[in-house]
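2 protein chains.
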Amino acid sequence: MTEAIRAAVFEELAAVGYARMSIEGIARRAGVGKTAVYRRWRSKLHLVLDIVSALAVQGLPAPDTGRLETDLRLLYEVTSRALRHPVASQIIPDLQAEAARNPEIAEAMQKALRDGQESVASSILAAAVGRGEIRADLDRDLALDLISGPLYWRAVVIRSPKLPKGYLGALSRATAEAIKAL
Amino acid sequence: MTEAIRAAVFEELAAVGYARMSIEGIARRAGVGKTAVYRRWRSKLHLVLDIVSALAVQGLPAPDTGRLETDLRLLYEVTSRALRHPVASQIIPDLQAEAARNPEIAEAMQKALRDGQESVASSILAAAVGRGEIRADLDRDLALDLISGPLYWRAVVIRSPKLPKGYLGALSRATAEAIKAL
């Protein structure tokens with residue numbers, strides 16, 4: 001039943017957004033009673049934060065190909081699919097907007113980002129340091145910005161409908177060079 | 001009076017967000033009548049789109065230092081100030097969220113981004129091609145993603161309160177290397 005509720009939250013978030021979403025609406029969509037939802041999560045905020053956290057870590061493996069560029073390439077393959085999912089591309093901007101007014105959501109979003117993509121990116125960086133491909137004392141946060149920013153910009157901000165052929169390969173090469181220059 | 005209305009729109013957007021904002025609220029805040037607002041803009045949507053477009057181009061010079069890295073550095077100085085303005089950091093995510101549900105806003109945001117930062121970034125790229133610093137046939141859209149993504153990610157998505165010393169210098173160096181690798 002938890003899965004039915006999670007699925008209903010995604011649909012409800014995508015349809016009406018966080019501000020207008022209600023526990024009633026979620027329960028109706030999931031075909032359960034309101035109490036079934038409240039037994040698992042004590043508020044709409046906690047429900048969404050739980051879902052966000054799960055979304056961030058879900059399905060992101062830590063690649064280990066032995067080279068920074070190819071590790072980045074695998075990370076981008078997974079991330080671009082996740083970001084371009086229609087549900088994610090509506091929900092992420094919505095929660096970002098809420099985060100600007102709600103410090104609890106802002107903190108949960110940042111934590112989800114750190115626990116999800118950033119922890120994978122951190123493993124990739126640590127492995128590259130271990131191989132001597134990049135400097136051990138580089139600005140780790142800046143490296144994470146270089147890894148995460150461009151694809152997010154393209155998929156979520158510019159909302160480009162489709163990545164051209166060769167895009168992820170060129171992005172991986174360019175980002176690897178950028179990090180080596182730090 | 002147009003300036004008073006513009007200022008009121010910024011304050012109202014930051015305070016209540018696009019969805020809850022009304023022409024009445026804007027007029028009240030600006031100390032004018034509703035008709036004064038409607039004489040200039042025919043709807044809330046058109047008013048906000050106009051403001052967004054103005055925000056994007058405002059105060060962004062096209063740097064021309066003779067080097068890609070230092071041109072990027074100047075662009076980042078201006079952009080980081082603009083993005084970190086409290087009003088912008090609330091309004092941009094808000095409009096991004098609306099863009100996910102409203103194609104008209106999505107299109108205006110994209111146009112504003114293109115007309116603003118991206119046109120400056122395009123001039124920087126064209127100058128670098130002219131000097132032979134970067135390839136003439138590189139993927140221009142990918143280069144723009146590399147230029148715009150990391151700082152946006154850091155300032156608007158991660159919402160990092162302060163950039164550490166040396167950040168923009170290192171970002172400019174790394175991004176120049178990334179684009180040279182395309």
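Going down the list, the sequences are from chains P and L.
The first sequence: position 112 = 112 (the UniProt record's numbering), numbered continuously.
The second sequence: position 81 = 81 (the UniProt record's numbering), numbered continuously.
Beta carbons are placed, not taken as given, at the ideal position from N, Cα and C, and that holds for glycine.
This one's a predicted model, so the numbers in the text were calculated from it and none came from an experiment.
Proximity test, Cβ basis, 9 Å: residue i and chain P
i	result
residue 185 of chain L	Summary: the structure shown does not reach residue 185 of chain L, with chain L confined to residues 1 through 182, and so no result is reported for it.
L/T175	yes
L/R81	no
L/L125	no
L/A100	yes
L/A162	It is Lys, not Ala, that sits at residue 162 of chain L in the sequence shown. For L/K162, the answer is no, since every Cβ of chain P falls outside 9 Å of its Cβ.
L/V9	no
L/A128	no
Cβ-based neighbour list, residue i, same chain, cut-off 7 Å, excluding 5 preceding and 5 following
i	result
L/D139	L182
L/E12	M21, G25, I26 and R29
P/G33	A27
L/R135	L182
P/P63	D71, L74, L75 and I124
Check whether residue i and residue j have beta carbons under 9 Å apart
i	j	result
L/A170	L/S148	no
P/A178	L/A8	no
L/Y167	P/L142	yes
P/L68	P/E118	no
L/D71	L/T65	yes
L/L45	L/N102	yes
L/A36	L/I91	no
L/P150	P/L146	yes
CB contact check: residue i to chain L, cutoff 9 Å
i	result
P/D71	no
P/G166	yes
P/R135	no
P/D141	yes
P/S89	yes
P/L75	no
P/S148	yes
P/K180	yes
P/I158	yes
P/L113	yes
P/L45	no
Close Cβ partners of residue i (< 8 Å) along its chain, the five nearest in sequence each way excluded
i	result
P/A54	R6
P/S89	L83, A155, V156 and R159
P/M109	V52, L95, Q96 and A99
P/S172	E69, T70, L72, R73 and Y76
P/T2	R40
P/V16	G25
First through last residue of the alpha helix (DSSP H) which encompasses residue i
i	result
P/I134	Note, P/I134: premise wrong, no alpha helix (DSSP H); not H, not E.
L/A82	L68 to R84
P/R39	K34 to R40
L/V156	From DSSP, L/V156 is part of no alpha helix (DSSP H); its letter is neither H nor E.
P/G31	Note, P/G31: premise wrong, no alpha helix (DSSP H); not H, not E.
P/K111	P103 to L113
P/E11	T2 to V16
L/G166	Careful: L/G166 lies outside any alpha helix (DSSP H) and carries neither H nor E.
Cut-off 6 Å between Cβ atoms - residues of its own chain near residue i, not counting five sequence neighbours on either side
i	result
L/E98	Y18 and I105
L/I124	D71
L/A127	none
P/L49	A108
L/A4	A30
Residue-level contact to chain C via CB, residue i, 9 Å cutoff
i	result
P/G25	Considering every chain present, this structure includes no chain C. Its protein chains are P and L.
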